[in-house]
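S.K.: Count along the sequence shown from 1, add 570, and you get the number used in our numbering. Sending over a structure as structure tokens; questions will come in a sec.
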Amino acid sequence: MSGEEGTIMDTVELLCAPKKLERDRGEVLLKEMTFTDEELKSMVDWILIKAENLPTWEDIFGAVTLSRILLQKVPDESLGPLRLREEVVERMSEFDTHYEYRVRLAAAELMEVLCAKYGLPMFQTFLPTIKGGIEENLERDPLCTSQEMEASQKELDLATDRNPNLSKSSLTIFHDTAGWRNLETWMKCLAHCITGLGSEVIKDYRDPEILSLIFKAVNHTNRFVRETGYDLLSTVILNHGCHGKGPEQDGVEAVPDFVRVAEQLAFGLADNWSRVWGFPL
């Protein structure tokens, strides 16, 4: 159904609401609507305005979410002249590195839609930045920079304020994982892009660096990094991304990727952290 522009824009504003329930309601309503060309232009203008307000995470979240909804449901012949795809791709690095975890996850979901809609060229546009983000965060100082420690402490304080009865073990787990949130979201970006591209394309795509980075993650000292690494590995497996070969060494024939992956799965099953050896496959 199509509604009056004021009604539609009121619904659009729900995507920036402070409460998740309201944001989810706005998304459900928008997915059920159809839009005129004038309404589409108003919404794209709204996205571009909100996307400039980086300090307010709700505005960025709303812009990213509405972009995903429109790119999913509106044909290119209607959306193309408004250049929404070009605008969000240009801003994607800002979304991917935003301080708010929920914005970064929303950006990963948007990347999945873009890869599903525009195929391998879009995947290849995102891949260098994603690989760089994973590599950089895998190699970061485990003691964290002072800025990362401060950010983690703020998250910890916020969690404690919301629930003063958190157990000591829960607080320890939260503190252990907070510092690795950026790495987790970069790996989720890659998982979403692979899912969007789909198995028919991934099975014939060769980039040995992808598995190399995943193998680094699943052998990481931090248990949450290992867990996320195995989640990503399961996405690669489900999308038939194990048909290549590893690097040749000293004239020895390269080992097929499916053998290398099987060896990593065996290590994962022996992990002492149950959420690692319970990864979904």
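Glycine is no exception: its CB is placed at the ideal position from the N, C-alpha and C atoms. All values derive from a computational prediction rather than experimental measurement.
(1) What do you reckon, are the CB atoms on Arg-904 and Ala-621 nearer than 8 Å?
(2) With a CB to CB cut of under 6 Å and the five nearest residues on each side skipped, what residues in its chain are close to Asn-752?
(3) Label Gly-766 either buried or exposed according to how many other C-beta atoms from any shown protein chain fall within 10 Å of its C-beta, with 16 as the threshold for buried.
(4) On a CA-only basis, which of Ile-807, Phe-794, His-790 and Thr-604 is nearest Glu-770? Give me that one, please.
(5) Assuming Glu-679 contacts His-762 (C-beta within less than 8 Å), just tell me the rounded distance between them.
(6) Can you tell me where the alpha helix (DSSP H) holding Tyr-669 begins and where it ends?
(7) Determine the DSSP secondary structure at Lys-589, reduced to helix, strand or coil.
(8) Helix, strand or coil for Lys-758 per DSSP?
(9) Please report how far the alpha carbon of Tyr-775 lies from the alpha carbon of Gly-811, in whole angstroms.
(10) Out of curiosity, what's the CA-to-CA distance linking Leu-599 and Arg-593?
(11) I think Lys-601 touches Leu-652, with their Cβ atoms under 8 Å apart; what is that distance to the nearest whole Å?
M.R.: Looking at the coordinates:
(1) In the structure displayed, the chain extends from 571 to 851; residue 904 sits before or after that span and is not available.
(2) Exclusion of the five residues before and after Asn-752 leaves Asn-707 as the residues of its chain whose Cβ lies within less than 6 Å of its Cβ.
(3) Buried, by the Cβ-count rule.
(4) Its Cα nearest to that of Glu-770, the residue Ile-807 stands out among Ile-807, Phe-794, His-790 and Thr-604.
(5) Sure, about 6 Å apart at Cβ, within 8 Å.
(6) Counting along the chain, no alpha helix (DSSP H) covers Tyr-669, and no H or E run does either.
(7) Lys-589: coil per DSSP, three-state reduction.
(8) In the structure shown, Lys-758 sits in a helix (DSSP, three-state: H, G or I).
(9) Straight-line Cα distance between these residues: approximately 8 Å.
(10) Straight-line Cα distance between these residues: approximately 10 Å.
(11) The C-beta distance from Lys-601 to Leu-652 rounds to 19 Å, too long to meet the 8 Å contact threshold.
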